Amino acid sequence: METAARFRAAVEARDHAALSELFTEGVRLHSPVKFVPFEGKAEVLGLLGVLLRTFEDFRYVGALEGADETGADGKEAPAHGLVFRAGIGGRQVHGIDLFHFDDEGRIDEMTVMVRPLSAVQALGAAVLAGLREDGLAP
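In this note's numbering, the protein residues as written are 12 to 149.
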């Protein structure tokens, strides 16, 4: 099973251990609510744990494949996107998880894009509260 499909299955099963196997140690996650990326496996997994309990009725509704220029080295590389829908604080969220992979097929960069702005704002507040609750943010 390819990495994006394994990621989707792990998210849908809420399987944190399976998610851990999919990332490089130096993975970077670009968030719609934070200017600088989350860096490193521990930080990214902490964020994903918060997201898994924050989103309401999270579901993947599509997939995209292609290539994209990575932020890490500026080279074009294969990319995979998973389109999702969810709720947050009574707002409907539409988003995409965009993945880049290392030579071994592990996720080395991930970008999460979310719309509309009101959902991004609600998500930012909920994620910050969750990160604080878990001791991952001041």
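Just so you know, even glycine gets a beta-carbon here, dropped at the ideal spot from N, CA and C.
For clarity, every value in this text was computed on a predicted model and none was experimentally measured.
If contacts are defined as beta-carbon pairs under 8 Å, then Met124 and Leu40 qualify, I think. What distance do you get, rounded to the angstrom? Incorrect: roughly 12 Å between the Cβ atoms, too far for contact.
The beta strand (DSSP E) with Ala106 in it runs from where to where? The sequence given here places Gly at residue 106; Ala does not occur at that position. Note, Gly106: beta strand (DSSP E), 102-112.
What alpha helix (DSSP H) runs, 4 residues minimum, are completely inside the stretch 22-52? 27-31
Tell me the rounded alpha-carbon separation between Leu147 and Val61. Spanning the two alpha carbons is a distance of roughly 10 Å.
In whole angstroms, what is the alpha-carbon distance linking Tyr71 and Pro89? A straight line joining the alpha-carbon of Tyr71 with that of Pro89 spans about 20 Å.
Classify Ala21 as buried or exposed, calling it buried when 16 or more other Cβ atoms lie within 10 Å of its own Cβ. buried
Using a threshold of 8 Å, state whether the C-beta atoms of Val104 and Ala137 are closer than that. No, these two residues do not count as a Cβ contact at 8 Å.
Taking DSSP as the reference, what is the three-state secondary structure of Arg117? coil
Once DSSP output is grouped into helix, strand and coil, what is the label at Gly146? The answer is coil: DSSP assigns Gly146 none of H, G, I, E or B.
Which of helix, strand or coil DSSP assigns to Phe69: Correct three-state label for Phe69: strand.
Using a Cβ-Cβ cutoff of less than 8 Å, which residues in the same chain neighbour Arg25 once the five nearest sequence positions on both sides are dropped? So the qualifying residues of the chain are Leu63.
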